[in-house]
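See below for the structure under consideration.
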Amino acid sequence: MPMAKYVLSGLDSAPAIWMLTSSGESAYLAAHMGLALSYAQFINPIGGVEAMAIYRERFKTVALLKAPTGNVGRICVLLRERTESSRSAGRDGLPLPQF
(Lines of atoms letter the chains of each structure in order from A and count residues from 1; the text may use other names and numbers.)
(Lines give C-alpha, C1' and ligand atoms only; values in the text may rest on other atoms or scores of the structure.)
Protein backbone atom coordinates (compact mmCIF):
# COMPACT_ATOMS: atom_id res chain seq x y z
CA MET A 1 0.00 0.00 0.00
CA PRO A 2 1.45 3.44 -0.93
CA MET A 3 2.44 5.59 2.05
CA ALA A 4 0.02 8.43 1.16
CA LYS A 5 -2.98 6.10 1.30
CA TYR A 6 -1.81 4.63 4.59
CA VAL A 7 -1.28 8.03 6.24
CA LEU A 8 -4.52 9.58 4.95
CA SER A 9 -6.77 6.55 5.38
CA GLY A 10 -7.86 7.56 8.90
CA LEU A 11 -8.86 11.13 8.05
CA ASP A 12 -12.49 12.16 7.94
CA SER A 13 -11.83 15.19 5.73
CA ALA A 14 -9.27 16.57 3.33
CA PRO A 15 -6.64 19.06 4.56
CA ALA A 16 -7.22 22.72 3.74
CA ILE A 17 -5.59 23.99 0.56
CA TRP A 18 -3.71 27.28 0.93
CA MET A 19 -2.11 29.42 -1.76
CA LEU A 20 1.14 31.24 -0.94
CA THR A 21 1.88 34.67 -2.38
CA SER A 22 4.77 37.11 -2.00
CA SER A 23 3.90 39.50 -4.81
CA GLY A 24 0.13 39.58 -4.55
CA GLU A 25 -0.53 38.08 -7.97
CA SER A 26 -1.70 34.81 -6.44
CA ALA A 27 -4.28 36.76 -4.40
CA TYR A 28 -6.40 37.03 -7.56
CA LEU A 29 -6.13 33.30 -8.23
CA ALA A 30 -6.81 32.28 -4.62
CA ALA A 31 -9.88 34.56 -4.52
CA HIS A 32 -11.17 33.18 -7.83
CA MET A 33 -10.70 29.57 -6.72
CA GLY A 34 -12.04 30.16 -3.19
CA LEU A 35 -8.79 29.06 -1.52
CA ALA A 36 -7.19 30.33 1.68
CA LEU A 37 -4.29 32.77 1.15
CA SER A 38 -0.99 33.09 2.98
CA TYR A 39 1.14 36.18 2.38
CA ALA A 40 4.90 35.53 2.61
CA GLN A 41 6.03 38.72 4.31
CA PHE A 42 9.38 37.05 5.09
CA ILE A 43 10.04 37.06 1.32
CA ASN A 44 8.53 40.44 0.46
CA PRO A 45 7.72 42.82 3.33
CA ILE A 46 5.87 45.26 1.05
CA GLY A 47 2.48 44.61 -0.54
CA GLY A 48 0.79 42.33 1.96
CA VAL A 49 -1.95 44.78 2.89
CA GLU A 50 -2.87 45.32 -0.76
CA ALA A 51 -2.73 41.59 -1.59
CA MET A 52 -5.06 40.69 1.28
CA ALA A 53 -7.46 43.52 0.38
CA ILE A 54 -7.68 42.26 -3.22
CA TYR A 55 -8.21 38.73 -1.95
CA ARG A 56 -11.06 39.75 0.39
CA GLU A 57 -12.77 41.93 -2.23
CA ARG A 58 -12.69 39.29 -4.97
CA PHE A 59 -13.20 36.11 -2.92
CA LYS A 60 -15.73 33.67 -4.40
CA THR A 61 -17.44 31.25 -2.03
CA VAL A 62 -16.95 27.58 -2.89
CA ALA A 63 -17.97 24.35 -1.20
CA LEU A 64 -14.79 24.02 0.91
CA LEU A 65 -14.35 27.59 2.11
CA LYS A 66 -17.30 29.87 2.84
CA ALA A 67 -15.36 33.07 3.64
CA PRO A 68 -11.92 34.50 2.86
CA THR A 69 -9.26 33.08 5.18
CA GLY A 70 -5.72 34.39 5.34
CA ASN A 71 -2.52 34.56 7.33
CA VAL A 72 0.92 36.14 7.16
CA GLY A 73 4.28 34.40 7.35
CA ARG A 74 6.87 36.54 9.15
CA ILE A 75 10.38 36.14 10.50
CA CYS A 76 11.08 36.41 14.20
CA VAL A 77 14.61 36.76 15.54
CA LEU A 78 15.25 35.84 19.16
CA LEU A 79 18.47 36.74 20.95
CA ARG A 80 19.67 35.57 24.33
CA GLU A 81 20.92 38.96 25.52
CA ARG A 82 19.65 42.45 24.93
CA THR A 83 22.16 44.13 22.65
CA GLU A 84 22.08 47.07 20.31
CA SER A 85 21.03 44.73 17.50
CA SER A 86 18.16 43.32 19.55
CA ARG A 87 16.94 46.81 20.53
CA SER A 88 16.80 47.85 16.88
CA ALA A 89 15.34 44.57 15.57
CA GLY A 90 12.05 45.18 13.81
CA ARG A 91 12.67 48.89 13.40
CA ASP A 92 13.36 48.70 9.69
CA GLY A 93 10.89 51.44 8.83
CA LEU A 94 8.45 49.06 7.18
CA PRO A 95 4.85 49.25 8.34
CA LEU A 96 3.34 46.35 10.24
CA PRO A 97 0.58 44.68 8.23
CA GLN A 98 -2.97 45.56 9.20
CA PHE A 99 -5.07 42.56 8.21
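To convert, count from 1 in the sequence shown and add 648; that's the working numbering. Each residue gets a CB set at the ideal place from its N, CA and C atoms; glycine is no exception. Nothing here was measured: the structure is a model prediction, and the numbers come from that model.
- Under the DSSP assignment, A684 falls in the beta strand (DSSP E) whose first and last residues are A684 to A688.
- Here the C-alpha atom of S670 lies approximately 11 Å from the C-alpha atom of V697.
- Put simply, the backbone Cα of I665 is about 11 Å away from that of M681.
- Relative to the Cα of A711, the nearest Cα in the group E705, A684 and Q689 belongs to A684.
- As the crow flies, the alpha-carbon of A688 is around 19 Å from that of E705.
- For G718, the beta-bridge partners assigned by DSSP are L685.
- Take the alpha-carbon of A699 and the one of D660: they are about 32 Å apart.
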